[in-house]
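In full-length UniProt numbering, the protein residues as written are 1 to 466.
Glycine included, each C-beta is placed from N, C-alpha and C at the ideal position.
Down below is the structure, laid out as structure tokens.
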């Protein structure tokens, strides 16, 4: 066997040298089909596509009826995404090579790309039917890969799950199966497959990295961080592992560690606006508002349409009493997204701090017109009216707005606040109960703004009973 292998290698080398000499002299000489195949395989394995194409074209001129060369040429065209040209050859070959599994595999790939699901699956079924032992294993992977590539993840998962037990040590097959589970939001099953893969080979950094992503989707951030740490140990220059690790650290409130991970990511990869934004968010959560503003500005410089960064810059500037910068940031955000109730509310508060009541009122009204069931916006408007409107009658104001919408939970919270301030705790409790039924999650907002509500015995008794 060893002698044959050497002889075969020497024969290929001689054929390649002969072919290259002919190309150099711009001449052509006869080669038999097996020589053409050997020369093609040599160039194809070396990714020398132009020479591989050239030798096949010469071979087909000399042996136009060779189905073996036609099949190789159709596969080459397929790899170059010349699907229509490949299909012309394959449509002929399927009539003369009726049991050729590779013909049916290639037809399946073309129809997968063309999103003709039924035809693709029909040809894949034929390919599997006619494939032999070793060929079948590679075909299952190839079919699963192509189905996943064109988002037929359910079909890929069914096929790979069926055959994977037959080939338990095929790492590529396991990767494709885990990918299909991920795309189908079958996270637990995806993690189980990656565990199988890592039992086979614990040094696969891509498996650890993908495991981290799936664990993050399950909000198991501590375990995700461990997976990313192993990834980094195996592949220290895989920048995305640092980035994802930083995101997971931020999710569990480890903002200082997250910043260190983002810095490491930036040492391997050019920072994106998103990186600057996330770093700003970490600094903001640490109370470093000046530093946060600096990173938000970097995000905006690199992506002027980044509304999240603009809103965050407006917020951090507001915290450090830099109201002009805050106003400018919120106005830019509203230019991009004029329907952002949060931006209108925040802009109104900033104008209020700048002693511009008419601008503040305009923005607060706009916030309520955009989102009329926002409890915080109604409280902010009420506080503004109390502070800036002469002869403001809170009860009359309340009755006017409630008459327009009795089902607005935010207005019932506001009613509870106003009646409580007027020592009418019976009506305050009545509206608080209605409000909580309509908007249960907003109770905390009201109690944070008006903790005095809890001091009323009946209201306190009600709140303790919840």
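Cβ shell of residue i (< 7 angstroms), same chain only, five flanking positions each side left out
| i | result |
| --- | --- |
| residue 414 | 378, 379, 382 and 398 |
| residue 289 | 316, 319 and 320 |
| residue 201 | 171 |
| residue 401 | 411 |
| residue 469 | What is shown of the chain runs 1 to 466, which leaves residue 469 out entirely. |
| residue 30 | 62 |
Within 8 angstroms, strictly: CB atoms of residue i and residue j
| i | j | result |
| --- | --- | --- |
| residue 292 | residue 305 | no |
| residue 360 | residue 384 | yes |
| residue 210 | residue 183 | no |
| residue 174 | residue 164 | yes |
| residue 194 | residue 207 | yes |
| residue 460 | residue 435 | no |
| residue 263 | residue 250 | no |
| residue 280 | residue 244 | no |
| residue 315 | residue 346 | yes |
| residue 73 | residue 60 | yes |
| residue 386 | residue 394 | yes |
| residue 309 | residue 277 | yes |
| residue 252 | residue 221 | yes |
| residue 539 | residue 121 | No information on residue 539 is available, as it lies outside the stretch 1 to 466 that the chain covers here. |
| residue 68 | residue 28 | no |
| residue 344 | residue 367 | yes |
| residue 443 | residue 454 | no |
| residue 412 | residue 438 | yes |
| residue 348 | residue 364 | yes |
| residue 130 | residue 169 | no |
Beta-carbon proximity list for residue i, same chain, < 6 angstroms, skipping 5 on both sides
| i | result |
| --- | --- |
| residue 427 | 419 |
| residue 486 | Limits of the chain in this structure are 1 at one end and 466 at the other, which puts residue 486 out of reach. |
| residue 7 | Unreliable placement is indicated for residue 7, whose pLDDT of 38 sits below 50; the coordinate value is still reported in the next sentence. Hits under 6 angstroms: none found. |
| residue 286 | 255 |
| residue 16 | 39 and 42 |
| residue 241 | 209, 228, 231 and 232 |
| residue 119 | 111 |
| residue 325 | 317 |
| residue 137 | 167 |
| residue 298 | 276 |
| residue 124 | 108 and 143 |
| residue 18 | none |
| residue 20 | none |
N-terminal and C-terminal residue of the alpha helix (DSSP H) that residue i is part of
| i | result |
| --- | --- |
| residue 48 | Neither: residue 48 is in no alpha helix (DSSP H) and is coded neither H nor E. |
| residue 243 | 239-251 |
| residue 332 | 323-336 |
| residue 70 | 67-79 |
| residue 125 | 117-130 |
| residue 444 | 443-449 |
| residue 316 | 307-319 |
| residue 453 | No alpha helix (DSSP H) contains residue 453, which DSSP labels as neither H nor E. |
| residue 436 | 425-438 |
| residue 223 | 221-234 |
| residue 408 | No alpha helix (DSSP H) holds residue 408; DSSP gives it neither H nor E. |
| residue 143 | 133-149 |
| residue 98 | Residue 98 -> no alpha helix (DSSP H), and no H or E assigned at all. |
| residue 181 | 171-183 |
| residue 357 | 357-370 |
| residue 269 | Premise fails: residue 269 is in no alpha helix (DSSP H) and is neither H nor E. |
| residue 383 | 375-388 |
| residue 342 | 341-353 |
| residue 188 | 187-200 |
Presumed contact (8 angstroms Cβ cut-off) between residue i and residue j, rounded CB distance
| i | j | result |
| --- | --- | --- |
| residue 87 | residue 110 | 6 angstroms |
| residue 307 | residue 336 | 5 angstroms |
| residue 372 | residue 408 | 7 angstroms |
| residue 171 | residue 149 | Not a contact, Cβ separation roughly 18 angstroms. |
| residue 33 | residue 66 | 5 angstroms |
| residue 203 | residue 177 | Rounded, the Cβ-Cβ distance is 20 angstroms, inconsistent with contact. |
| residue 374 | residue 410 | 6 angstroms |
C-beta neighbour in chain D for residue i, strict 8 angstroms
| i | result |
| --- | --- |
| residue 256 | No chain D appears in this structure, which consists of one protein chain only. |
Cut-off 8 angstroms between Cβ atoms - residues of its own chain near residue i, not counting five sequence neighbours on either side
| i | result |
| --- | --- |
| residue 272 | 302 |
| residue 236 | none |
| residue 75 | 86, 102 and 106 |
| residue 261 | 242, 243, 245, 246 and 249 |
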